[in-house]
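Heads up: the sequence shown begins at 1 in the numbering used here, then just goes up one per residue.
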Amino acid sequence: MKLPTWIKPAILGAIVGSIATMVIGFSQAGWMLGSTAERMAEKQAAVAATDALVPFCVSRSEADPSSATKLAELDALVSSYARRDFVIESGWATLPTADKPNRDLAAACAKALTSSSEGA
């Protein structure tokens, strides 16, 4: 059986076109694997949960009897890590049902507390 002469270039063109479509799709068109999308969704959910808990942390800081002095100490700190650790040590980032403070919440809370005091 003899194949027509156009079969080989057609098959080669289909293979090259498929590869080019995949390369462009994954690199430029935003295609992704399911595992990548799952990681992105988990990260966004964690950020959203932290953002939702920041008002809780801020209200805990406002309810603290020594809030004024602690906020002044917090504003004096330069490093974001030191500010986060200060919020953790103050106990403002520990949820009532948690055994230990939430580090991401502490960082977001420190940012919110220092930005609100800078604007005041």
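Beta carbons are placed, not taken as given, at the ideal position from N, Cα and C, and that holds for glycine. Small disclaimer: the values here were computed from a predicted structure and weren't measured.
### Task
Write down the C-beta distance between residue 77 and residue 86 rounded to the nearest angstrom, noting that I regard them as a contact closer than 8 Å.
If you number the sequence shown from 1, residue 77 lands on position 77. If you number the sequence shown from 1, residue 86 lands on position 86. That belief holds up - the Cβ atoms of residue 77 and residue 86 are roughly 6 Å apart, short of 8 Å.
### Query
Can the beta-carbon of residue 113 be found closer than 8 Å to that of residue 53?
For this step, residue 113 is matched to residue 113 along the sequence shown. For this step, residue 53 is matched to residue 53 along the sequence shown. In this structure, residue 113 keeps its C-beta atom at 8 Å or more from the C-beta atom of residue 53.
### Message
Contact between the region 14-22 and the region 39-54 is defined here as three or more beta-carbon pairs at a separation below 8 Å; is this criterion met?
### Response
No, the region 14-22 does not touch the region 39-54.
### Message
I need the DSSP call for residue 71, collapsed to helix, strand or coil.
### Response
Here residue 71 refers to the residue found at position 71 when the sequence shown is read from its first residue. DSSP, read as helix, strand or coil, puts residue 71 in helix.
### Close-in-space but distant-in-sequence residues of the same chain around residue 84 (CB under 6 Å, 5 per side omitted)
Stepping through the sequence shown from its first residue, residue 84 is reached at position 84. Residues of the same chain with a CB within less than 6 Å of the CB of residue 84, apart from the 5 flanking positions on each side, are 106, 107, 110 in chain order.
### Task
With distances taken Cα to Cα, identify the nearest neighbour of residue 59 among 14, 2, 90, 16.
Residue 59 sits at position 59 when you count from the first residue of the sequence shown. Checked all of 14, 2, 90, 16; the closest Cα to residue 59 is 90.
### Task
Starting from residue 59, follow the alpha helix (DSSP H) in both directions and report where the run begins and ends.
The residue given as residue 59 occupies position 59 in the sequence shown. 34-63 is the span of the alpha helix (DSSP H), which, as asked, contains residue 59.
### Alpha carbon of residue 122 to alpha carbon of residue 88, nearest angstrom
This structure cannot settle anything about residue 122, because the visible part of the chain is limited to 1 through 120.
### Pick from 57, 38, 18, 34 that is closest to residue 101, judged by C-alpha positions
The residue labelled residue 101 in the question sits at position 101 within the sequence shown. Ranking 57, 38, 18, 34 by Cα distance to residue 101 puts 57 first.
### Task
Taking only the alpha-carbon atoms, compute the straight-line gap between residue 46 and residue 93 and give it to the nearest angstrom.
The residue you call residue 46 lines up with position 46 of the sequence shown. The residue you call residue 93 lines up with position 93 of the sequence shown. Their Cα atoms are separated by approximately 15 Å.
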